[in-house]
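What follows is a single structure, written as structure tokens, with notes after it.
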Amino acid sequence: MWLQHPNFKECFKSWWSGFQGTGWKGHKFMRKLQFVKANLKEWNKVSFGVLDERKKNILNEIANLDAIEQGGGLTSKLLVERTLRKGELEELILREEIHWRQKVRVLENERGLVLNNSKSITEEILLYFEKLYSSHTEESWRVEGLNWSPISKESASRLDSPFTEEEIYKAIFQLDKNKTSSPDGFTIAVFQDFWDLIKEDLVRVFVEFHSSGIINQSTNVFIVLLPKKRHLRGVLHETIHSTQGVFVQGRQILDAVLIANEILDEKRHSREEGVVFKIDFEKTYDHVCWDFLDHVLEKKEFSPRWRKWMRDDIIFFSNTREEDLQTLKSLLLVFGHISGLKVNFDKSNIYGINLEQNHLSRLAELLDCKASGWPIPYLGLPLGGNPKTCGFWDPVIERISRRLDGWQKTFLSFVGRITLIESCLTHMPCYFLSLYKIPTSVAAKIERLQMDFLWSEVGEGKRNHLVSWDVVCKPKTKGGLGFGKIALRNVALLGKWLWRYPREGSALWHKVILSIYESHSNGWDANTIVRWSHRCPWKAIAQVFQEFSKFTQFVVGDWERIRFWEDLCWGINLWVPNIQDYLE
849 MWLQHPNFKE
859 CFKSWWSGFQ
869 GTGWKGHKFM
879 RKLQFVKANL
889 KEWNKVSFGV
899 LDERKKNILN
909 EIANLDAIEQ
919 GGGLTSKLLV
929 ERTLRKGELE
939 ELILREEIHW
949 RQKVRVLENE
959 RGLVLNNSKS
969 ITEEILLYFE
979 KLYSSHTEES
989 WRVEGLNWSP
999 ISKESASRLD
1009 SPFTEEEIYK
1019 AIFQLDKNKT
1029 SSPDGFTIAV
1039 FQDFWDLIKE
1049 DLVRVFVEFH
1059 SSGIINQSTN
1069 VFIVLLPKKR
1079 HLRGVLHETI
1089 HSTQGVFVQG
1099 RQILDAVLIA
1109 NEILDEKRHS
1119 REEGVVFKID
1129 FEKTYDHVCW
1139 DFLDHVLEKK
1149 EFSPRWRKWM
1159 RDDIIFFSNT
1169 REEDLQTLKS
1179 LLLVFGHISG
1189 LKVNFDKSNI
1199 YGINLEQNHL
1209 SRLAELLDCK
1219 ASGWPIPYLG
1229 LPLGGNPKTC
1239 GFWDPVIERI
1249 SRRLDGWQKT
1259 FLSFVGRITL
1269 IESCLTHMPC
1279 YFLSLYKIPT
1289 SVAAKIERLQ
1299 MDFLWSEVGE
1309 GKRNHLVSWD
1319 VVCKPKTKGG
1329 LGFGKIALRN
1339 VALLGKWLWR
1349 YPREGSALWH
1359 KVILSIYESH
1369 SNGWDANTIV
1379 RWSHRCPWKA
1389 IAQVFQEFSK
1399 FTQFVVGDWE
1409 RIRFWEDLCW
1419 GINLWVPNIQ
1429 DYLE
């Protein structure tokens, strides 16, 4: 709200520079903010007054002018005055909106009591997090005999490096401007807009924190370690196992979904009995035991300094032997006891593969979980369903329909509808399209929703389509609106797997595909002379190869992996067809 005032920046600079104080840098920084806040309160009364009172006065003035207009009209001077008052009202409404967005007025605790003053809200928040991050066990324990995959000494040293001004700058400017960073109520926008003024003081806070590891309680909101996120991302591949599908550069969440679908389909094809056990943690990290986390980080050779700073869907494939499932359950219980990450068995589910329902129910009773049917949601996509059926795509259709229902077409111009289709509707199915082949009927249904939304006319139902949809979907350079056809986008997204396949030979998903289908002798694509299932994603991906290969050329090396007559090779494709015609 204050940032909207033309004189605020000059006043803030004057207050910030006018503070004189000594002591620890973090404490001094917060005292500066408190000094600015005290001056700001007085300035706010003079510059803004009481928002409600000013808003009420302006509304009365506008109402009086409207009454004069109804009685006989307004002079040009009064018309200008009313326009100015309406402008002031809009500005006040904006400031009022910002004002309320920045305040937390009430909080309901776990006992259902409504807290409505700052002291009780603060105490409740502190109590919640004290309970959240406290250990619930006093037993001594150690985890030994595991391959911890520790990070290198060079990586550990790099994580320990001092904070730089550039890192702090990026951390501050990655945050939402409207969020409040501290109990003083200053939003992140203040730190961003006054970066040049406050950066020296803020950098000193980080420098002192790095050397001492101690930070004043009131300033700990700034030490979120976002500056080190980039460095941590660079060492995760050293210590996170290849079976972990996310958090590591180069690994994609879709890899895990592809692997799970292919393993499930392979198990079904073998006709062997098995189960999939999908576990649910009790609010992951809500009750973490920090002693356990510190122990794990120590074993992975993160430095003591880093560990001091630090202070999803999981499924198991298993056979149906009861003793093996009981062992798995015991391991999860022990893990939950020492780590604080307890499995919520009531919300966990077990799914059968080639298994009778009675047998599945007995195993569910053993695990204290629910026996459920296919498909199941896994990382946002269906696992174990049939992509060729329309019902498989119902979540996509429902999501698009809900979004359309939420838009007020009454207030949207034709250009506005074009923008929403471009920015939203064309991208909503992309997550599904990146792994599964969409049926023609489903693609047509999605395009029909887009079409009707584009040409809809308020009060007249559906409007006549003035241009064919094929023309509308063409690129703008060819006279269309650039929406693109769903089926073509599907082919392009599936083609990304074929691009990645020869380039990511060490990736887990590549190894899984290779173990199931083997590889073509050229090593560029999977062997297509294998059994296929209509449920496995790789079938749809492999069928894209003929289309994909038209846009791919190989740089010739020793010719070992290139099919002379089939693969397109850089620089020699013009004369190869002529040779083939001559030989024929």
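With the numbering used here, the residue at position 411 of the sequence shown is 1259, and numbering never jumps. All C-beta atoms, glycine included, are put in the ideal place defined by N, C-alpha and C. Only a predicted model underlies this, so the values are computations on that prediction, with no experimental measurement involved.
The beta strand (DSSP E) enclosing residue i, as first and last residue numbers
i            : result
residue 1165 : 1162 to 1166
residue 1355 : No beta strand (DSSP E) contains residue 1355, which DSSP labels as neither H nor E.
residue 1220 : 1218 to 1220
residue 1201 : 1197 to 1201
residue 1225 : 1224 to 1226
Residue i (DSSP reduced to helix, strand or coil)
i            : result
residue 1035 : strand
residue 1190 : coil
residue 1122 : strand
residue 1326 : helix
residue 919  : helix
residue 1414 : coil
residue 1231 : strand
residue 1080 : helix
residue 1057 : helix
residue 1397 : helix
residue 1363 : helix
residue 1068 : Only weak support is given to the placement of residue 1068: the predicted model assigns it a pLDDT of 48, under 50, and the value that follows is read from those uncertain coordinates. Coil at residue 1068, not helix or strand.
residue 941  : helix
residue 1129 : strand
residue 1402 : strand
residue 1096 : coil
residue 1408 : coil
residue 857  : helix
Which listed residue (the options) has its alpha carbon closest to that of residue i
i            : options                : result
residue 1280 : 1146, 1335, 1271, 908  : 1335
residue 1107 : 1405, 1170, 1383, 1278 : 1383
residue 801  : 1020, 1122, 1060       : Because the chain is modelled from 849 through 1432, residue 801 falls outside the range shown and cannot be assessed.
residue 1053 : 909, 1013, 1089, 1264  : 1013
residue 1354 : 1090, 1220, 1409       : 1090
residue 1314 : 1299, 928, 1324        : 1299
residue 1272 : 933, 939, 1331         : 1331
residue 1404 : 1396, 1418, 1241       : 1418
residue 1117 : 1105, 1364, 876, 1319  : 1364
residue 1122 : 907, 1024, 1170        : 1170
residue 1176 : 1099, 1359, 1187, 1164 : 1164
residue 1304 : 1264, 1007, 1322, 1289 : 1264
residue 1236 : 1192, 1114, 1289       : 1289
residue 1002 : 1010, 922, 1050, 1083  : 1083
residue 862  : 870, 880, 873, 931     : 880
residue 1087 : 1120, 1050, 1144       : 1144
residue 885  : 1261, 867, 1127        : 867
residue 1147 : 999, 873, 1202         : 999
residue 1402 : 1241, 1166, 1126, 1351 : 1351
residue 1270 : 1101, 1284, 1322       : 1322
Cβ neighbour criterion (16 or more within 10 Å) applied to residue i
i            : result
residue 1361 : buried
residue 1295 : buried
residue 1038 : buried
residue 941  : exposed
residue 1238 : exposed
residue 1200 : buried
residue 1109 : buried
residue 1392 : buried
residue 1216 : exposed
residue 1308 : Caution applies to residue 1308, whose pLDDT of 49 falls short of 50 and renders its modelled position unreliable; the value that the coordinates give is listed next. That one is exposed.
residue 1187 : buried
residue 1197 : buried
residue 1075 : Any reading at residue 1075 must be qualified, since the residue scores a pLDDT of 43, below 50, and its modelled position is unreliable; the value itself is stated next. By the 10 Å Cβ count, residue 1075 comes out buried.
residue 1057 : buried
residue 1274 : buried
residue 1347 : exposed
residue 1015 : buried
residue 1182 : exposed
Residue span of the alpha helix (DSSP H) that contains residue i, given as start and end
i            : result
residue 1346 : 1334 to 1348
residue 1001 : 1001 to 1007
residue 1247 : 1242 to 1254
residue 1289 : 1288 to 1303
residue 1318 : 1317 to 1320
residue 1279 : 1278 to 1281
residue 1267 : 1262 to 1268
residue 1207 : 1205 to 1215
residue 1021 : 1013 to 1021
Residue-level contact to chain C via CB, residue i, 8 Å cutoff
i            : result
residue 1385 : Of the protein chains in this structure there is only one, and it is not chain C.
* **Runs of beta strand (DSSP E) wholly within the segment 859 to 891 (minimum 3 residues, chain order)** => none
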